[in-house]
Amino acid sequence: LARRMALGCFWARTAALPALVARGRSLCGAAAQQVSWTEARFSGAMVVLPHGPIQPGLSEQLDAAMAEIRAAGRKGVWMRVPIEQSAAIPVAAEQGFRYHHAEADHAMLLNWLPPTPCPVPDFATHVIGMGGMCINARGEVLLVKELKAATATSQGNWKLPGGLVNLGEELDQAVAREVFEETGVRADFLSLLAVRHQHGAAFGRDDAYCVCLLEPRSSEITICEAEIADATWLPLAEYYEVTKAASAKQGVEENFNAYVARRVLAAAEAGQPLGSLGMAVTVKDAPRGYLPGVTGLTSKPSYRIYSGWRE
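The following block contains the structure:
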């Protein structure tokens with residue numbers, strides 16, 4: 014959300030560092046068998062391990078490479094370590110490398126050389142969750158009860174269906190997918206109603222939870238028995254009462270869901286078209302000319318804008 018949301022996706026750029034190098038260097042003229050390094054953006058460097066199993070002499074090779082990198086005045090030094098070469102990590106740690114992030118098949122290490130605080134943002138600072146407020150023509154909201162809620166105060170409560178956004182997934186598509194997976198109801202995204210931002214979620218990450226308004230295309234419920242205990246259509250006014258009761262159980266005057274439900278109910282009672290609430294989605298062609306990995310604008314031919322303006 015990598016920072017995904019606030020720091021220009023800096024972490025994502027590291028995955029593309031080899032494609033962004035100005036030139037490469039190797040030790041002893043044998044790149045296939047020796048540690049090498051390449052210049053990278055932001056006065057950085059990328060250390061490249063030789064292919065194959067880690068061989069004796071890695072410490073000396075890395076020491077020589079780091080001496081060259083320091084002499085060249087580079088700052089942040091990256092090292093991508095495939096899982097099959099994980100034996101290189103303790104050697105790199107002796108040179109001052111630390112974990113920046115890890116994925117299924119590799120770890121990315123970082124060594125910030127200047128005697129100043131490291132300005133490189135953390136990797137993947139946020140997880141993004143979606144809640145779907147799916148309201149039918151009768152003014153009923155689609156709700157679920159989880160088999161196992163996140164907290165004791167939430168157990169047994171009616172809640173909006175939803176879940177986490179997958180990497181590379183659009184917000185509007187993610188919420189429709191989650192609603193269908195949990196309830197079997199097909200629905201179309203109308204708008205992004207509100208976002209709750211909090212900290213200390215899974216793996217210590219920050220959490221952005223988005224409640225979206227959806228219009229159902231079907232009504233029959235088929236629950237996901239692995240996750241959901243029950244599901245129903247409940248009148249919007251009754252759902253608001255449910256959220257107020259949940260707020261009381263949680264020891265607050267009004268939780269986030271009650272905050273959203275109160276405003277949606279007020280709009281409905283005032284006769285305001287619900288489709289006019291929140292931020293609608295607009296799809297735009299991605300601009301050309303960006304290098305891969307520098308921004309997300311190169312990953313797909315289009316991107317999405319969520320705003321209060323309607324086209």
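Residue numbering for the sequence shown follows our numbering, starting at 14 and increasing by one per position. Even glycine gets a Cβ: it sits at the ideal position worked out from N, Cα and C. Note that the coordinates shown come from a computational prediction; the quantities given were computed from them, not determined experimentally.
Under the three-state reduction of DSSP, Val-133 is assigned to coil, being neither helix nor strand. Residue environment for Gly-175: buried (at least 16 other C-beta atoms within 10 angstroms of its C-beta). With contacts defined as CB atoms closer than 8 Å, Val-154 and Leu-247 qualify as a contacting pair. Remark: C-beta atoms of Ala-299 and Leu-287 do not approach each other more closely than 8 Å. Taking Ile-96 as the centre and dropping the five residues before and after it, the same chain places the C-beta of Asp-118, His-119 closer than 7 Å to its C-beta, in chain order.
As computed with DSSP, Cys-147 is found in a beta bridge with Leu-227.
DSSP, read as helix, strand or coil, puts Asn-170 in coil. The secondary-structure analysis by DSSP pairs Gly-175 across a beta bridge with Gly-144.
Shown here, Ala-239 sits in coil according to DSSP, grouped into three states, outside any helix or strand.
In the assembly as shown, His-139 is a buried residue. Its beta-carbon has 16 or more other beta-carbons within 10 Å. Just so you know, the alpha carbons of Val-178 and Glu-195 end up roughly 14 Å apart. Within the stretch 84-135, the complete beta strand (DSSP E) runs of at least 3 residues fall at 89-95, 111-115, 119-125. Its Cα nearest to that of Tyr-272, the residue Leu-206 stands out among Ala-239, Leu-206, Ser-315. For Ile-318, the beta-bridge partners assigned by DSSP are Thr-295. Rounded to whole angstroms, the separation of the alpha carbons of Leu-156 and Val-255 is 11 Å. Ser-320 and Thr-164 have their C-alpha atoms spaced approximately 33 Å apart. Scanning Ser-49, Gln-285, Gly-144 for the CA closest to the CA of Val-208 turns up Gly-144.
Judged by DSSP in its simplified three-state form, Ala-163 adopts coil rather than helix or strand. Its chain contains Leu-249, Ala-250, Tyr-253 as the residues whose beta carbon lies nearer than 7 Å to that of Leu-278, once the 5 sequence neighbours on both sides are disregarded; these appear in chain order.
With a 10 Å radius around the Cβ and a threshold of 16 neighbouring Cβ atoms, Ile-148 comes out buried. Annotation for Gln-186: the continuous alpha helix (DSSP H) segment containing it runs 184-196.
With a cutoff of 8 Å on beta-carbon distance, Met-146 and Leu-62 are scored as not near each other.
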